[in-house]
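One structure below.
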Ligand SMILES: [Zn+2]
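In this note's numbering, the protein residues as written are 21 to 255.
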């Protein structure tokens, strides 16, 4: 991937981003070319630069050239898209609780036209929003009988296919589930692995946190569960 690895001994690059070195700021200067293996960029360096560690923490470093700044900026932001999703479903007596694409033993279940998987709905909307492809309600109208009881994993997979079809891939998602019960910790790993499987990414690309309602409001009184998700995509 790198043309001259020896010159990059204190700095390294992935296919989609430059990262600072990890040695506490040891300077290195070089002339060379960075070529992304499968990424979208190729940057020529033809001037002496401080170590990227210096650059990363001091964008106004006096020895960083304007040409490099423009190149780094282009790599860092071109093609990046962020999306947000939010959803709420009512709870009723019953079970199991369908959340994050798995069934969780619980004494309440969520109510909805589909399987009411509030977390997968938030993730779906975050992906669609990042790619400006509308929302889950447009893709799967709740007025259509075919969507009754639909597995939300199917909807999320369709959203994944839709964003990939226009050239995006997922960098990461970060989610919050707002539920008084059950505690998220015991099934967090299983949910992350399930969502990763649907999205065809690694579990490490998924953040998942749980928050209670502090015993008040619709969350705290266990009348509903909400979920939020942000998704970062790159083209
Ligand atoms: Zn929903």
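Cβ atoms here follow ideal geometry from the backbone N, Cα and C, with glycine treated the same way.
If you count every other CB in all the chains shown that lies within 10 Å of the CB of residue 94, and 16 or more means buried, which is it?
Because residue 94 sits at a pLDDT of 45, beneath the cut-off of 50, its placement in the model cannot be relied upon, and the following sentence gives the value as read from the coordinates. Looking at its Cβ environment, which holds fewer than 16 other Cβ atoms inside 10 Å, residue 94 is exposed.
Span separating the alpha-carbon of residue 189 from that of residue 183
7 Å
In chain order, what residues of the same chain lie with their CB nearer than 6 Å to the CB of residue 112, ignoring the 5 residues before and after it?
131
Between residue 247 and residue 198, is the Cβ-Cβ spacing less than 9 Å?
yes
Which residue marks the beginning of the beta strand (DSSP E) containing residue 247, and which one marks its end?
244-254
Is it true that the stretch 112-126 meets the stretch 149-156, where meeting means three or more beta-carbon pairs spaced less than 8 Å apart?
no
Check whether residue 180 and residue 218 have beta carbons under 9 Å apart
yes
Own chain, CB closer than 8 Å to residue 205, minus 5 neighbours either side, in chain order
230
Would you list the one or two residues that DSSP bridges to residue 126?
In the DSSP output, where bridge partners are listed per residue, residue 126 has none listed.
Residue 200 burial status per 10 Å Cβ neighbour count (16 or more: buried)
buried
Apart from the five residues just before and just after residue 100, which ones in its own chain have a Cβ nearer than 6 Å to its Cβ?
254
If we count the other Cβ atoms within 10 Å of its Cβ and call it buried at 16 or more, is residue 135 buried or exposed?
buried
Assumed close pair residue 173, residue 140 - CB separation to whole angstroms, cut-off 8 Å
6 Å
Below 9 Å between beta carbons: does that hold for residue 109 and residue 215?
no
Anything with a beta carbon under 5 Å from a heavy atom of ligand 1 counts; list them all in chain order.
107, 141
Exposed or buried, which one is residue 162 when buried takes at least 16 other CB atoms within 10 Å?
exposed
Assigned secondary structure, residue 233 (DSSP; H/G/I helix, E/B strand, else coil)
coil
Grab me the residues of residue 107's own chain with a C-beta within less than 6 Å of its C-beta, minus the 5 sequence neighbours each way, in chain order.
138, 141, 142, 247
Report back the beta-carbon spacing between residue 242 and residue 128 to the nearest angstrom; my notes put them in contact at under 8 Å.
7 Å
To the nearest angstrom, how far is it from the Cα of residue 213 to the Cα of residue 240?
27 Å
Classify residue 205 as helix, strand or coil using the three-state DSSP reduction.
helix
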